[in-house]
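K.L.:
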Amino acid sequence: MSQQTQTNTFEVEKIRKDFPILNRKVNGYPLVYFDNAATAQTPKQVMDAIVDYYSNYNANIHRGVHSLSQEATDKYEQARIKIQKHFNAEKAHEIIFTSGTTHGINLVASGFSSILKEGDEILVSAMEHHSNIVPWQMLCEKTGAKLKVIPMDQKGELVYSEFEKLISSNTKLVFLNHVSNALGTVNPIKSVIEKAHSVDAAVLIDGAQAAPHIKADVQALDMDFYVVSAHKMCGPTGVGILYGKEAWLEKLPPYQGGGEMIATVSFEKTTYAGLPHKFEAGTPNICGGIAFGAAIDYMNAIGFDEIAAYEHELLEYATNELKKIDGVKIYGEAAEKTAVISFNIEGLHPYDIGTLMDKMGIAVRTGHHCAQPVMDFFKIPGTVRASFSFYNTFHEIDLFIDALKKAKMMLQ
Ligand SMILES: *Cc1c(COP(=O)(O)O)cnc(C)c1O
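Residue 145 in numbering that gives the first Met the number 0 sits at position 146 of the sequence shown, with consecutive numbering throughout.
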């Protein structure tokens, strides 16, 4: 029995029926899936959309005159509009389908190589995922622009006063995650964007970790670029979107050349297609885009406010229970957090803990979580990370805590 019963009316047992994988056993134990920050599980409704696509209207899009091609095109473009509405973009063509967050960031970084010059500066936070660091380092190597780092403090919060000192008229670009995947910190993106715009710098927000929990309004926040991956929002892997303000997307050159992205091609001169096709060379992940739309429908039917409130209760409960265990140190105690807990137990290696937990059916992540600079900051090789989703339960947290106590006993 759970030591705490939830205080709201969130229908988690009903929701769990949509996720067949949650019924399976791992190493003889019921699966407790707490690796949601790496990828979320897929509900039947999204699987149905995938089966429907391949069973009924699998065809290449945009060029075909036949019915299947037109149906596939319609469904794909409807998905784009769903995603546009969800993030409240002004125009559907400001939504570019990508293979995920990493692709979206590389597309923008590559585009800025024709804009930046020596002496320009770009700012990054100290708590980024590698995918929001490495493309910018590559951009700096190409252009001679300089990368500067906005520090964080021991709680895992951005030091805003340092950001205010770093930003200047030399700053051309700021990129920051909305939520840190390693710590769960929710960053003050509204203030960062306003401040950056006051010096005419563009802002790219990495929304990969925020989008499953917070419905971001790209117009209200005045974002220039926002990137997400479908697989962290109950959709399939290998698909995501880049939102870009029309004016920016017009300004950036195409990322890849090929079919779909052209208006006319001859050996003398090729002209590019308009948005969004300019950035969508080649046959896209058609089924993935449609399934992403289905995932967004699914999550909206539950409601993002309801999801956030319930996940917050899970976070508070798990944090309190963890703190009762001797030797536990939690990394990332920002005032505003999503349901991610990174921690270590004194004297134990995270990898050993993770391995023993898996033997008891519990999936947690161990390591640097693609955020080595965060680990360096805390002077640790890695952490154990438990990350919750709206289909997790208080009972699962109890199982996790029990397993952790057992693992601790075995290792000490
Ligand atoms: C997962 C994640 C990424 C990378 O997403 P991919 O789907 O692997 O491209 C980038 N940033 C953050 C904050 C993430 O959580």
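All C-beta atoms in this analysis are idealised placements derived from N, C-alpha and C, irrespective of residue type, glycine included. Bear in mind the structure is a predicted one, so any value in this text is a computation, not a measurement.
With which residues is S341 paired in a DSSP beta bridge?
P.N.:
As a first step, residue 341 is located in the sequence shown; it is residue number 342 there, counting from the start. Note: S341 sits in a beta bridge opposite Y330, R384.
K.L.:
Name the DSSP bridge partner or partners of T282?
P.N.:
The sequence position of residue 282 within the sequence shown is 283, counting from 1. BP columns for T282 are empty, so no partner.
K.L.:
Pull up the CB-CB distance for Y225 and F86, whole angstroms please, since I reckon it's below 8 Å.
P.N.:
Within the sequence shown, numbered from 1, the residue matching residue 225 stands at position 226. Within the sequence shown, numbered from 1, the residue matching residue 86 stands at position 87. Going by Cβ atoms, the distance from Y225 to F86 rounds to 7 Å, so yes, they are a contact pair.
K.L.:
Per DSSP, which one or two residues make a beta bridge with V226?
P.N.:
If you number the sequence shown from 1, residue 226 lands on position 227. The partner list for V226 (beta bridge, DSSP) reads D205, L241.
K.L.:
If the criterion is Cβ atoms closer than 8 Å, does the pair D34 and A362 meet it?
P.N.:
Taking the first residue of the sequence shown as position 1, residue 34 is located at position 35. Taking the first residue of the sequence shown as position 1, residue 362 is located at position 363. Against a cut-off of 8 Å, the Cβ pair of A362 and D34 comes out as a contact.
K.L.:
Compute the Euclidean distance between the alpha carbons of E305 and E312, then round it to the nearest angstrom.
P.N.:
If you number the sequence shown from 1, residue 305 lands on position 306. If you number the sequence shown from 1, residue 312 lands on position 313. Cα-Cα distance, rounded: 11 Å.
K.L.:
Does DSSP put D351 in a helix, a strand or coil?
P.N.:
Counting from 1 along the sequence shown, the entry for residue 351 is found at position 352. Here D351 sits in helix by DSSP.
K.L.:
Taking DSSP's pairing of strands, which residues face M151 in a bridge?
P.N.:
Locating residue 151 in the sequence shown gives position 152, counting from the first residue. The partner list for M151 (beta bridge, DSSP) reads L157.
K.L.:
Helix or strand or just coil, what does DSSP make of L146?
P.N.:
Within the sequence shown, the letter at position 147 stands for residue 146. Reduced to three states, the DSSP call for L146 is strand.
K.L.:
Assuming A108 contacts V217 (C-beta within less than 8 Å), just tell me the rounded distance between them.
P.N.:
Position 109 of the sequence shown, counting from 1, holds the residue named residue 108. Position 218 of the sequence shown, counting from 1, holds the residue named residue 217. Between V217 and A108 the Cβ distance is about 19 Å, and since that is not below 8 Å, they are no contact.
K.L.:
Please name the residue or residues paired with T269 in a DSSP beta bridge.
P.N.:
By 1-based counting over the sequence shown, the position of residue 269 is 270. According to DSSP, which records beta bridges pairwise, T269 is partnered with V264.
K.L.:
Tell me the rounded alpha-carbon separation between I14 and N59.
P.N.:
Translated into the one-based positions of the sequence shown, residue 14 becomes position 15. Translated into the one-based positions of the sequence shown, residue 59 becomes position 60. Cα-Cα distance, rounded: 34 Å.
K.L.:
Taking Cβ to Cβ, would you say V45 is nearer than 8 Å to A294?
P.N.:
Within the sequence shown, the letter at position 46 stands for residue 45. Within the sequence shown, the letter at position 295 stands for residue 294. Yes; because the gap between Cβ atoms is below 8 Å, this pair is in contact.
K.L.:
If I measure Cβ to Cβ from V202 and keep anything under 6 Å in the same chain, skipping five residues before and after, which residues do I get?
P.N.:
Here residue 202 refers to the residue found at position 203 of the sequence shown. If we look at V202 and ignore the five residues flanking it on each side, its Cβ neighbours are V173, I192, A195, D223.
K.L.:
Just the Cα atoms here: how many angstroms apart are R23 and G99?
P.N.:
Here residue 23 is taken as the residue at index 24 of the sequence shown, counted from 1. Here residue 99 is taken as the residue at index 100 of the sequence shown, counted from 1. Roughly 28 Å separates the two Cα atoms.
K.L.:
Under 8 Å, with one C-beta from each stretch per pair, do the region 154-174 and the region 114-133 reach the 3-pair mark?
P.N.:
Segments in contact, yes.
K.L.:
So what's S109 in DSSP terms, helix, strand or just coil?
P.N.:
As a position in the sequence shown, residue 109 is number 110, starting the count at 1. Helix.
K.L.:
Between S228 and ligand 1, is there a pair consisting of the residue's CB and a ligand heavy atom that are separated by less than 7 Å?
P.N.:
Residue 228 sits at position 229 when you count from the first residue of the sequence shown. S228: yes, Cβ under 7 Å from ligand 1.
K.L.:
How is F96 classed by DSSP in three states: helix, strand or coil?
P.N.:
Along the sequence shown, read from residue 1 onward, the residue named residue 96 stands at position 97. F96: strand per DSSP, three-state reduction.
K.L.:
Quick check on R23: does DSSP put it in helix, strand or coil?
P.N.:
In the sequence shown, the residue the question calls residue 23 occupies position 24. R23: coil per DSSP, three-state reduction.
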